[in-house]
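Asker:
Residue numbers (our numbering): 7 to 155.
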């Protein structure tokens, strides 16, 4: 069973602080809307945003992230490349991918790269929030084992 990092452990298995999230999405309207909607969740804090995959590792190093919510199709590094790079640089950070149109092959590539969840952008906010919460409690290491060995 996965144990939360010390800084996130609260009493009786609760989170001691909100889940710290970065959003990586090139569509400004979608990114800003999702940031606002996630911001009203009491247990989620969006601490950083980016519009391309090249910035994801820097965000990880600059902020104490728990989860990165990332688009599949991004300028620079795509979702698969950025997920793999994040796994190398910050293996404790979980990745939830959001995509408008990823094929089954692309979804499998994201999971191979280490994403703990892949959702389509037409899901409701409740499903995105549930995926973020689940990712915060998931040990991302087993998801990355195939790409980092």
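Glycine residues also receive a C-beta, built at the ideal position from the N, C-alpha and C atoms. For clarity, every value in this text was computed on a predicted model and none was experimentally measured.
Taking residue 106 as the reference, give the member of 126, 81, 32 and 117 with the closest Cα.
Answerer: Mapped onto the chain shown, residue 106 falls at position 100. Closest by alpha carbon: 126.
Asker: Give the list of continuous beta strand (DSSP E) stretches no shorter than 3 residues that lie fully inside the stretch 73-127.
Answerer: Listed in chain order, they are 73-77, 100-105 and 123-126.
Asker: Taking the Cβ atom as the reference point for each residue, do residue 103 and residue 116 lie within a distance shorter than 8 Å?
Answerer: Numbered from its first residue, the chain shown carries residue 103 at position 97. Numbered from its first residue, the chain shown carries residue 116 at position 110. Yes, the pair counts as a contact, with Cβ atoms nearer than the cut-off.
Asker: Would the stretch 37-48 count as touching the stretch 87-101 if we require 3 or more Cβ pairs under 8 Å?
Answerer: Counting Cβ pairs under 8 Å, fewer than three are found: no touch.
Asker: When the Cα of residue 136 is compared with those of 50, 33 and 56, which residue comes out closest?
Answerer: Taking the first residue of the chain shown as 1, we reach residue 136 at position 130. When each option's Cα is compared against that of residue 136, the closest is 50.
Asker: Rounding to the nearest angstrom, what Cα-Cα distance links residue 114 and residue 120 in this structure?
Answerer: Along the chain shown, one-based indexing puts residue 114 at 108. Along the chain shown, one-based indexing puts residue 120 at 114. Going by the C-alpha atoms only, they are around 10 Å apart.
Asker: Quick one: is residue 83 buried, meaning 16 or more other Cβ sit within 10 Å of its Cβ, or exposed?
Answerer: Taking the first residue of the chain shown as 1, we reach residue 83 at position 77. Result: buried.
Asker: Would you mind giving the Cβ-Cβ distance between residue 25 and residue 134, rounded to the nearest angstrom? I have them listed as a contact below 8 Å.
Answerer: Along the chain shown, read from residue 1 onward, the residue named residue 25 stands at position 19. Along the chain shown, read from residue 1 onward, the residue named residue 134 stands at position 128. About 12 Å separates the two Cβ atoms, so there is no contact after all.
Asker: Write down the C-beta distance between residue 95 and residue 63 rounded to the nearest angstrom, noting that I regard them as a contact closer than 8 Å.
Answerer: Position 89 of the chain shown, counted from the start, is the residue given in the question as residue 95. Position 57 of the chain shown, counted from the start, is the residue given in the question as residue 63. Yes, residue 95 and residue 63 are in contact; Cβ-Cβ is about 5 Å, under 8 Å.
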